[in-house]
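Quick note on numbering: this note's numbering labels position 239 of the sequence shown as 239, and the sequence is numbered without any gaps.
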Amino acid sequence: MQTQAGDPGAFAQFDLNRVESPAFVVDAAKLRANCQVLAEIRDEADIKVLAALKAFSMHAVAPLIGEYLDGATCSGLWEARLASEYYDGEIATYSPAYKPEELEEICRLSDHVIFNSPEQMGRAALILDHAATTGGDVSVGLRINPMVATGEVAKYDPSAPGSRLGFPIDQLTEDHMQGVDGVHFHNLCEQTFEPLKRTWDRVFDAIEPYFGQLKWINMGGGHHITRADYERAELIEFLKDAKEDTGAEIYLEPGEAIALDAGILVGTLLDTGFNEMPIGITDVSATCHMPDVLEAPYRPAMLGELPDESAIPIRLGGPSCLAGDVIGDYRLPMKAEPGARFAFLDQAHYSMVKTNTFNGVQLPSIWLWDSETDALECVKRFEYEDFKDRLS
């Protein structure tokens, strides 16, 4: 998978030695710029935009995000709790399946609760009725599967054959839509406007009979709206048309677009060697700190990497015992020797929420920098106790 981001922006001037290693550094100014773009789209198209916490849940910047967006979208109880505690505005919650013992609280916290199938919704009827009779104002949604494959990698494509995400639209009937206030579809991953338009063409035909019924339509996330080459003018006109055609409130729930190019992961070269090619061991781990490098897989961009093809690449890997803990081959912008600092670009979204402590590898500290004021603060530092207390 080819990363579609990696613009260094203000990080090109950031001194990597200002923070400990490893460390995530998030630029508040870039977050503001991204949110401003999203707010402009929202205002011009007269829609609502929610922040997807699954991609970026750094609540230290929740007040910043709340200045621009309309709330948060959550993937279950814990994210819904986080949203209710730190984020202003609406809360929409979707999960492929809910535990019955958690659903009552999810309904209490959420404005929209979205189910993965009509059968799930039916089993939750008593809980939903109870929420309504006790003053809850929860709106019920159904996630639909558009069955329009758009993804580069099948395992990241919700419309891939056999997908568990969403109710297939070719099975949708009038009975399934009883009690449904809104529909949700999420069909994109790091994509521009054309795949959204192609998805909507299919969804439109399937839900057109319910336009008088639907109060809202949530078009999910995966929209790379804040990327420089995104067709924003076309998106605005599309959203205006969708709202007029359906008579429903239109929602987008970007996650990656909020934090796109807004964070780096700073690391240090710990040791070097040679095994048919130069080898470098770092305090940054693909396994522990950037799991998508192995899961996607993809090669993260490096700050200042040399473009010169004559430079000899070095294969960088983490300190864990996993043989596959390999980040990639890089032409370093400095001498490859122990102590050298480097940074991977575009690491604020997904990397931060997916970190783990396999092998007891230290978690990166988290820093908030404002490239406009140069203010820098450590938001979170992880200690041995964080590892020790996870399993006992």
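Glycine included, each C-beta is placed from N, C-alpha and C at the ideal position.
Annotation for P118: the continuous alpha helix (DSSP H) segment containing it runs P118 to R123.
DSSP places R164 in the coil class of the three-state scheme, outside both helix and strand.
For L69, same chain residues with a beta-carbon under 6 angstroms away, outside a window of 5 residues either side, are V49 and A51 in chain order. R390 is classed as exposed because its beta carbon has fewer than 16 other beta carbons within 10 Å across all chains shown.
Counting the other Cβ atoms within 10 Å of the Cβ of I312 gives fewer than 16, which makes it exposed.
Rounded to the nearest angstrom, the gap between the Cα atoms of M302 and E377 is 23 angstroms. Residues of the same chain with a CB within less than 7 angstroms of the CB of L316, apart from the 5 flanking positions on each side, are G280, T282, I327, G328 and Y330 in chain order. Under DSSP, M58 forms no beta bridge with any residue.
Restricting attention to S57, A92, W78 and F56, the CA atom closest to the CA of G71 is found in A92.
Rounded to the nearest whole angstrom, the CA to CA distance from I314 to T226 is 32 angstroms. Taking I264 as reference, the option from L345, L82, L77 and I207 with the minimal CA-CA separation is L345. Residue burial is scored here from C-beta neighbours: E244 has fewer than 16 other C-beta atoms within 10 angstroms and is therefore classed as exposed. Taking the CA atoms as reference points, Y210 sits about 15 angstroms from V140. The DSSP assignment places 351-354 as complete runs of the alpha helix (DSSP H) inside the region 347-372, in order along the chain (cut-off: 4 residues). Between A10 and V61 the beta-carbon gap is near 16 angstroms, outside 8 angstroms, which marks them as no contact. Beta bridge pairing from DSSP links A228 with no other residue. Y384 has its alpha-carbon roughly 54 angstroms from the corresponding atom of T246. Counting every other CB atom within 10 Å of its CB across the protein chains shown gives C321 a total below 16, marking it as exposed. A contact is defined here as three or more CB-CB pairs under 8 angstroms, and the region 97-116 meets this definition with respect to the region 137-155.
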